[in-house]
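Down below is the structure, laid out as structure tokens.
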Amino acid sequence: MRVLLRKPPPNSGQLLGRRRTLRVGIAAVAFLACRAPYARSADSAGNVEDIKGEAFADANGRRRALDRASPLYVGDRVATGRAARLTMHLGEDTTVRLGEQVQLVIDQFLLTAGGEISLMSGPMFFDRPSGSPRIPIKIRSPYAVIAVRGTRFFAGPSNGVFGVFVEEGAVAVSAGGGAVTLQAGQGTNIARPSSRPTAPVIWGTARVSAALASVQ
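The sequence shown begins at 219 in my numbering and counts up by one.
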């Protein structure tokens with residue numbers, strides 16, 4: 219009985235090697251896509267500068283714990299836990315400090331297009347150097363829209379209402395069909411989401427100290 223041995227076709231080894239390499243390459247691409255969805259699916263907005271306690275970011279149904287130097291992306295919903303503090307560096311030179319139990323969405327924060335943030339709950343402090351280039355920045359909340367003209371201001375719960383206080387510079391606050399412009403040292407109150415902002419007044423030392431302590 220004769221046994222016929224078929225010779226492998228020319229370049230069969232190369233063909234098998236190419237197929238094996240292709241399968242490995244496809245698997246590697248799939249693995250990297252699962253491991254790093256944010257690198258390609260969202261624009262960078264900044265990073266975490268400092269943190270105390272627990273804080274998280276949620277985007278596209280994915281929740282991740284934040285640590286110092288964690289990246290932040292446009293579209294992130296940032297949340298802080300009880301007694302937590304979080305400092306974010308956004309864009310080129312903007313710092314945002316958050317107090318406890320904050321819910322905040324980075325709607326947009328690009329160097330050339332400006333920024334827009336939704337403060338859903340909790341206290342925040344916004345800080346930009348006085349010599350920074352002027353770019354359009356808005357802070358939206360269920361209570362008001364804050365157009366940033368200045369450099370340092372507080373927004374959030376204060377004395378049982380939603381308060382805005384300017385430490386340096388100026389901001390325009392619109393709510394309930396009314397609008398006020400606050401200068402350094404002045405604040406306004408908004409009792410409920412449909413209320414107009416009160417006339418600008420100088421906040422007392424105790425109230426300012428309490429507001430700033432909530433984000434430090």
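Glycine residues also receive a C-beta, built at the ideal position from the N, C-alpha and C atoms.
From a predicted model like this one, the values you see are computed outputs, not experimental measurements.
Within 8 Å, strictly: CB atoms of residue i and residue j
i, j, result
"P351", "G374", "no"
"L290", "V320", "no"
"I364", "V379", "no"
"L322", "V433", "no"
"Q404", "V426", "no"
"G309", "G264", "yes"
"I324", "I335", "yes"
"T305", "T298", "no"
"I355", "L337", "no"
"V318", "R300", "Before going on, a small fix: residue 318 reads as Glu here, not Val. For E318 and R300, yes; Cβs fall inside 8 Å."
"F372", "F343", "yes"
"R286", "D268", "yes"
"S376", "A429", "yes"
"V398", "A417", "yes"
Beta-carbon contacts of residue i that lie in its chain and below 7 Å, excluding the five residues immediately before and after
i, result
"R253", "Unreliable positioning characterises R253 in this predicted model, as indicated by a pLDDT of 36, which lies under 50. The coordinate reading is nonetheless provided below. Excluding positions up to five away in sequence, the list is empty."
"R367", "G387, A388, V389 and A390"
"H307", "G264, N265, E267 and T313"
"I420", "G403 and Q404"
"L400", "V382, V384, A388, V389, V391, T406 and P418"
Residue i - partner residues in DSSP beta bridges
i, result
"V398", "V391"
"G422", "None; G422 has no bridge partner."
"G206", "One cannot answer for residue 206 here, as it falls past the ends of the chain, which runs 219 to 434."
Nonlocal neighbours in the same chain, by C-beta distance under 6 Å from residue i, ignoring five residues either side
i, result
"A275", "R282, L284, D294 and V296"
"I360", "The question names Ile, yet the displayed sequence has Pro at residue 360. Cβ within range, chain order: P411."
"G332", "I353, P354 and I355"
"S192", "Here the chain has residues from 219 to 434 only, and residue 192 is not among them."
"G271", "G299, A301 and A302"
"A402", "V384 and E386"
8 Å CB neighbourhood of residue i in its chain, flanking five on each side removed
i, result
"R414", "A393, G394, G395, G396 and I408"
"S262", "P289, L290, Y291 and V292"
"S348", "T369, E386 and G387"
Original post:
In chain order, which continuous runs of the alpha helix (DSSP H) of length 4 or greater are located wholly inside the segment 247 to 328?
Top reply: 255 to 259
Subject >> beta strand (DSSP E) runs wholly inside the segment 324 to 393, at least 3 long, in chain order >> reply: 332 to 339, 342 to 345, 355 to 358, 363 to 366, 370 to 376, 379 to 386 and 388 to 393
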